[in-house]
Structures are given as C-alpha cells and as structure tokens.
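**Q** In our numbering, the protein residues as written are 175 to 476.
A virtual CB, placed ideally from N, CA and C, is assigned to each residue, including glycine.
Everything numeric in this text was worked out from a predicted model, so none of it was measured.
See below:
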C-alpha cells in the first residue's frame, strides 16, 4: 500500500515539475524577446551579451564595453573599422597560441603603440606619424576584440590584469592629466561625468534592491510548492539583474560615443596607453573628473 501511495505521489510531483518547467521556459523566452526588442528599439546592434559573450572575469563593465566596442558600433563605424572574422583555420591558429602566446603578442602591440605615442608627444606629429599611430591603434583594437571573442573568459589573463581598475582611483587622475583636455573638452567632460555617474549610481541602487529582495533564496524550502515559488522568484530576480546589466552596459556605450567623439586622435591613443592595458573605464574616469571638479569648486568657494 505504501508503495502505491509513493508511486502516485511521485507521478504527481513529476507532473507538477513538468508544469513548472514549462512556466520557467516561458519566462526565459519572454526575457530573451525583451532583450531582443530592447536592442532593436534602441537602434543599436545586439549588445555584447547578445554576441555570445558574458562579462569577463576581472574586468569592470566599463572595460568590458571597450572589449566589445565593435559589437556596439553603428554600421558606419563598422565600415570605418572593418573587422572581418578569422577563417576557421586562422581562428584555430589564433586560439592555439594560448594565453602565454597571446600575452606576448599583446605586449608587442602595446609596446609599439606606447612608443609611437611618446614620439608624437615629443614633437608636433606629422600626418604620416598620425597614420602610423592610427594603424597601431587599429591593431590593438582588433587584437582586443579577438581575444575577447575567441578566448572568452581569459582576457584578464592575456592582458595581465590582476585587480579591478576601481581599486586605484589615483590612477585615473593620472590618465586625465595625460589627456590634456582643452577648455571646451573639459566642459563636455563635466556634463558627461555628471550624467554617467548619476546613471551608474541609480543602477547600482536598483541592483542592491533586487539583491536584497532575493536574499532569502539561499534557504532550502521543504515543500515542492515552496521550491517552485523559490525557483520562479530566482528567475524573476535573474531577469531583473540581467536587465540592469544591459542598462549599465548601454549607459557606458552612450557615454563612450560622446567621449570618443570629442577626443583628438593623439588624445585617444594616450588614453589607451596610460589606462594600462588598453582598457579605459569611462565610469572610473567620470568619477575621477567629478572629484576633481568638486575640489575645484570647493577652493573657489573659499
């Protein structure tokens, strides 16, 4: 008799689990459609997460945006910076270099770029010198994209990143000094920093609220219905968090478009060289600029 009851219970649980699985699949389908619609409605190409890549370990979202800048580029920008994918044999050869081989290539590309920037800073650069610098920048961006897409999850290892850029705020002050912004650029940077910093702080507050509401999900539930509610809640929170990630990346993209448009080519090259390694975080730069502007305002008030 007990066996019959247990069998009936197991069948009921299996039917309920199948129903729950269908609900969860529906939620994921709605989420995927939502992200696709968001991408289409914005006029931007599919975001970096849509190109098959997740956030790189060891990189901040701002740095991640730089790795995937080509994925966000407009059709016009893509034509200006063509990046045809590697053929299967070339891709296999690229991956076969491994972390150590690509790290050596990374050092070569960055070393060449740094040397060219020093030469251009030493005296007014000629048109030919700027063309060579542009070529070196293109090589760096291409290598950056290929490492991020052909060796996903290994970018920090290849480039030698050992800590988050957020851990060294003084570093970003030195990057700003290296840019030598003109007065009109400084005005735009002030407006850009205020908007981006406000957007990022608002998104972080939302993220903390979502995480706080999901704080109880780690506690096991004894009943099947409770477990189902837990699973639905987890996916609901995951959906919300993924939406926040998309919004954060898009905030960086929008700010980066304004930022890079206002820089001269030599300034852009200085930015990538001094950011070490080739990954400026615009959020960190915006916070550094805001701190600097606040300090200046305080001195002027006194």
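Can you give me the C-alpha to C-alpha distance between residue 333 and residue 294, rounded to a whole angstrom?
**A** As a first step, residue 333 is located in the chain shown; it is residue number 159 there, counting from the start. As a first step, residue 294 is located in the chain shown; it is residue number 120 there, counting from the start. When rounded, the distance between both Cα atoms is 25 Å.
**Q** Per DSSP, what kind of secondary structure is residue 479 in: helix, strand or coil?
**A** Look at the range of the chain in this structure, 175 to 476, and you will see that residue 479 is not part of it.
**Q** Which word fits residue 238, buried or exposed, when buried means at least 16 other C-beta atoms lie within 10 angstroms of its C-beta?
**A** Indexing the chain shown from 1 puts residue 238 at position 64. So residue 238 counts as buried.
**Q** Quick one: any contact between the segment 356–365 and the segment 421–438, if contact means 3 or more CB pairs under 8 Å?
**A** yes
**Q** Do the segment 300–316 and the segment 345–354 touch if we need at least three Cβ pairs shorter than 8 Å?
**A** no
**Q** Quick check on this structure: which residue in 442, 316, 468 has the alpha carbon closest to the alpha carbon of residue 245?
**A** Within the chain shown, the letter at position 71 stands for residue 245. Answer by Cα proximity: 316.
**Q** Since residue 429 contacts residue 366 with CB under 8 Å, what's their CB separation in whole angstroms?
**A** As a first step, residue 429 is located in the chain shown; it is residue number 255 there, counting from the start. As a first step, residue 366 is located in the chain shown; it is residue number 192 there, counting from the start. That belief holds up - the Cβ atoms of residue 429 and residue 366 are roughly 6 Å apart, short of 8 Å.
**Q** Mark residue 234 as exposed unless 16 or more other C-beta atoms lie within 10 angstroms of its C-beta, in which case mark it buried.
**A** To locate residue 234, count along the chain shown from 1; it is residue 60. Classification of residue 234: buried, given that the 10 Å Cβ count is 16 or more.
**Q** Does the beta-carbon of residue 454 have 16 or more other beta-carbons within 10 angstroms, so that it is buried, or is it exposed?
**A** Locating residue 454 in the chain shown gives position 280, counting from the first residue. It counts as buried.
**Q** Would you say the segment 268–288 touches the segment 250–257, given that touching needs at least three Cβ pairs under 8 Å?
**A** no
**Q** Tell me the DSSP secondary structure of residue 248 in three-state form.
**A** In the chain shown, residue 248 corresponds to position 74, counting from 1. Looking at residue 248 - three-state DSSP - the assignment turns out to be coil, as it is neither helix nor strand.
**Q** Kindly indicate which three-state DSSP category residue 450 falls into: helix, strand or coil?
**A** Taking the first residue of the chain shown as position 1, residue 450 is located at position 276. Note: residue 450 maps to coil in three-state DSSP.
**Q** Taking DSSP as the reference, what is the three-state secondary structure of residue 260?
**A** One-based indexing of the chain shown puts residue 260 at position 86. Coil, per DSSP.
**Q** How many whole angstroms separate the CB atoms of residue 423 and residue 384, which I take to be in contact at a CB cut-off of 8 Å?
**A** Taking the first residue of the chain shown as 1, we reach residue 423 at position 249. Taking the first residue of the chain shown as 1, we reach residue 384 at position 210. That belief does not hold up - the Cβ atoms of residue 423 and residue 384 are roughly 17 Å apart, past 8 Å.
**Q** At the level of alpha carbons, what is the spacing between residue 204 and residue 421?
**A** Taking the chain shown and counting its residues from 1, one reaches residue 204 at position 30. Taking the chain shown and counting its residues from 1, one reaches residue 421 at position 247. Confidence in residue 204 is poor, its pLDDT being 48 and thus under 50, which makes the residue's placement unreliable; the coordinate value appears in the next sentence. Cα to Cα, residue 204 sits roughly 17 Å from residue 421.
**Q** Can you tell me where the alpha helix (DSSP H) holding residue 335 begins and where it ends?
**A** For the purposes of this step, residue 335 is taken as the residue at position 161 of the chain shown. Careful: residue 335 lies outside any alpha helix (DSSP H) and carries neither H nor E.
**Q** For residue 353, which of 469, 242, 433 has the nearest alpha-carbon?
**A** Here residue 353 refers to the residue found at position 179 of the chain shown. Selected option, being the one with the closest Cα: 433.
**Q** Buried or exposed: residue 375, going by 16 or more other Cβ atoms within 10 Å of its Cβ?
**A** One-based indexing of the chain shown puts residue 375 at position 201. Exposed, because fewer than 16 other Cβ atoms sit within 10 Å of the Cβ of residue 375.
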